[in-house]
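Per full-length UniProt numbering: the sequence shown = residues 1 to 240. Below: one structure, written as structure tokens.
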Amino acid sequence: MPETATPAAHGAVEAHRAPGSRGAYEPTELTVPTRGRPRASYDRELVHAILDEAYVCHLGFVRDGRPVVLPTLYGRVGERLYVHGSTGSRPPRMAGAGGTDAGLPVCLTVTHVDGLVLARSAFHHSVNYRSVVVHGTAHQVTDRQEKLAALDALVDHVVPGRSADSRPANARELAATAVLRLDLAEVSAKVRTGGVNEEPEDLGLPHWAGVIPLTTRYGAAQPDRDLDPSIALPGYLAAL
């Protein structure tokens, strides 16, 4: 999906588009994998493309000395991710612990599975995939304008153009919704493509080997049963 922004976003988040969309992220101790290093990439455009194509991320953090990983929605605006949550959930409360914007150390991941790789040996079965891992400190968004812009970005990340074609959050809904921001600084992508890796002595075994591609597609839109029949399917949905 293309990078999204609404007019309201320009004042609150436009500054975070500036770090640039070209070049690469700097590898760090946290972003260099211990295995499969040739599959790692720090290319900025590749990272953005992987993030923009997904809808759900997994947010990892430590709570009371134990690891926790939560699936949630997110959206990207330039070099910043906005993560959706509830004001009653632990990540936003931990990010603002003690009434300050102390932030919450997190690890955020996004993964696409593009194919099942079936080898002649059980050991060499694998998957083709594209993934991104982001390390950093998440902060709760408290500025009202940035929060509104972030929520628009979250909606438009799922379906571009949707935020302008829906009622914005009212005061009660805004108070019940939390948004975390996480800058893209310590970031890496990892990708596996191609076919089967086999031991030479296994090539003659009588087992099928190859790749089963996996794809995600949109189904036909299903209107709500209470929808006014005079309301046509918007063009941005018909084009999906």
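We put the CB at the ideal spot given by N, CA and C, even for glycine.
Which ranges would you report for the beta strand (DSSP E) in the region 130-164 if only whole runs of at least 3 residues count?
none
How would you label residue 120, buried or exposed, when you count the other beta carbons within 10 angstroms and need 16 or more for buried?
buried
Strictly by DSSP, which residues pair up with residue 206?
The partner list for residue 206 (beta bridge, DSSP) is empty, contrary to what the question assumes.
Would you check if the distance between the CB atom of residue 115 and the CB atom of residue 213 is smaller than 8 Å?
yes
Excluding the five sequence neighbours on either side, which residues of its own chain have a C-beta within less than 6 Å of the C-beta of residue 107, listed in chain order?
60, 135
Buried versus exposed call for residue 157 [16 or more other C-beta atoms within 10 Å across all chains shown]:
buried
Three or more C-beta pairs closer than 8 Å, one from the region 78-97 and one from the region 148-157: is that the case here?
yes
Boundaries (first-last residue) of the beta strand (DSSP E) holding residue 236:
Unbroken run through residue 236 is the alpha helix (DSSP H), 235-238; no beta strand (DSSP E).
Residue 113: CB within 7 Å of a non-hydrogen atom of the ligand ADP
You won't find the ligand ADP in this model; it holds no ligand whatsoever.
Decide if the region 25-37 is in contact with the region 195-211; the criterion is three or more beta carbon pairs, one per stretch, under 8 Å apart.
no
List the endpoints of the continuous beta strand (DSSP E) containing residue 191.
186-192
On the criterion of 16 or more Cβ atoms from any shown chain inside 10 Å, does residue 48 qualify as buried, or is it exposed?
buried
Just curious, the beta strand (DSSP E) that residue 76 is in, first and last residue?
66-77
Residue 50 burial status per 10 Å Cβ neighbour count (16 or more: buried):
buried
Does the structure place the region 56-76 close enough to the region 212-228 that three or more beta carbon pairs sit under 8 Å?
no
DSSP state of residue 231, grouped into three classes?
coil
In three-state DSSP terms, what is residue 174?
helix
Name the one or two DSSP bridge partners that residue 121 has.
Per DSSP, none; premise fails for residue 121.
Helix, strand or coil: which one does DSSP assign to residue 49?
helix
Name the residue from 193, 25, 54 whose alpha carbon lies nearest to the alpha carbon of residue 160.
54
Distance check for residue 113 and residue 21, CA to CA, integer angstroms please.
Model confidence at residue 21 stands at a pLDDT of 44, short of 50, so the residue's coordinates are unreliable and nothing is read from them.
The beta strand (DSSP E) enclosing residue 80, as first and last residue numbers
80-86
Residue 95 - DSSP class collapsed to helix/strand/coil:
helix
Decide if residue 140 is buried, meaning its Cβ has at least 16 other Cβ atoms within 10 Å, or exposed.
buried
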